[in-house]
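Numbering that gives the first Met the number 0 puts the last residue of the sequence shown at 203; the count rises by one with no breaks. The C-beta atom is built at its ideal place from N, Cα and C for all residues, glycine as well. Take a look at the structure set out below.
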Amino acid sequence: MKKKSIGFFGGSFDPIHIGHLHLAISLSELCGLDQVIFCPAFVSPFKLDKRPHASTLHRAEMVEIAIRSIPNFVFCDYELKEDSPSYTYDTIQYLNDKYSQQKQNVEIRLILGDDALPGIHKWKNIDQLLQVAKPLVGTRCNSIEVSNLLSSSSKDVLKNNLIDIPVLDISSTLLRDRIKKGLYCQHLIPNVVLEYIIQKQLYQ
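Shown next as structure tokens:
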């Protein structure tokens with residue numbers, strides 16, 4: 000049985016934007032992923048004093064409508080249902096256990112933007128995580144600085160899985176600020192998501 004390659008993309012998605020979709024689509028096509036899982040976090044363990052601006056319900060809905068029309072992109076609410084700080088390592092363990100019970104031959108790849116690398120040494124069980132879910136790091140350049148606080152094996156795994164793509168310089172923080180100021184945002188976010196934000200009066 001051919002091994003199924005699944006990309007895992009976690010984050011606050013507050014809100015999800017074109018940069019997220021561009022990264023996931025590019026890595027999926029370049030690396031031959033069979034599926035990409037979008038998994039919004041309940042709250043980042045590094046931002047416990049700064050909860051997401053939109054509720055879990057709204058963030059879940061925005062992710063779902065953003066990826067609905069993209070083949071093989073699926074939504075996972077595992078971390079939202081946990082109602083506690085979200086650790087990627089725990090979620091990957093949950094998914095691997097689920098696929099094992101279903102007797103599916105699956106390889107999970109961890110989708111990352113290069114902006115995640117400076118602080119990745121703080122992630123829970125990072126050495127083990129990068130072994131059970133090999134990373135795919137979308138980056139503008141083939142040579143980037145990886146934290147010296149990582150083990151040499153984790154550094155090597157990250158450096159050997161850099162994928163050269165034109166990363167879009169968009170952040171959810173920038174987007175929330177533009178929405179609050181009433182500035183044009185249609186070049187930064189899917190129309191269906193922007194319409195939802197306007198309808199629900201989010202980020203005002």
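The criterion of a C-beta distance shorter than 9 angstroms is not satisfied by Pro14 and Leu79. In summary, Ser27 is buried, with 16 or more beta-carbon neighbours lying within 10 Å of its beta-carbon over all protein chains present. In this structure Pro189 is buried. Its beta-carbon is surrounded by 16 or more other beta-carbon atoms within 10 angstroms.
For Leu161, the enclosing beta strand (DSSP E) begins and ends at Leu161 to Asp163.
The alpha-carbon separation between Ser43 and Leu116 amounts to approximately 15 angstroms.
Shown here, Gly181 sits in coil according to DSSP, grouped into three states, outside any helix or strand. Per the C-alpha coordinates, the member of Ser83, Ser68 and Leu29 positioned closest to Thr55 is Ser83.
Per DSSP, reduced to three states, the secondary structure at Arg108 is strand.
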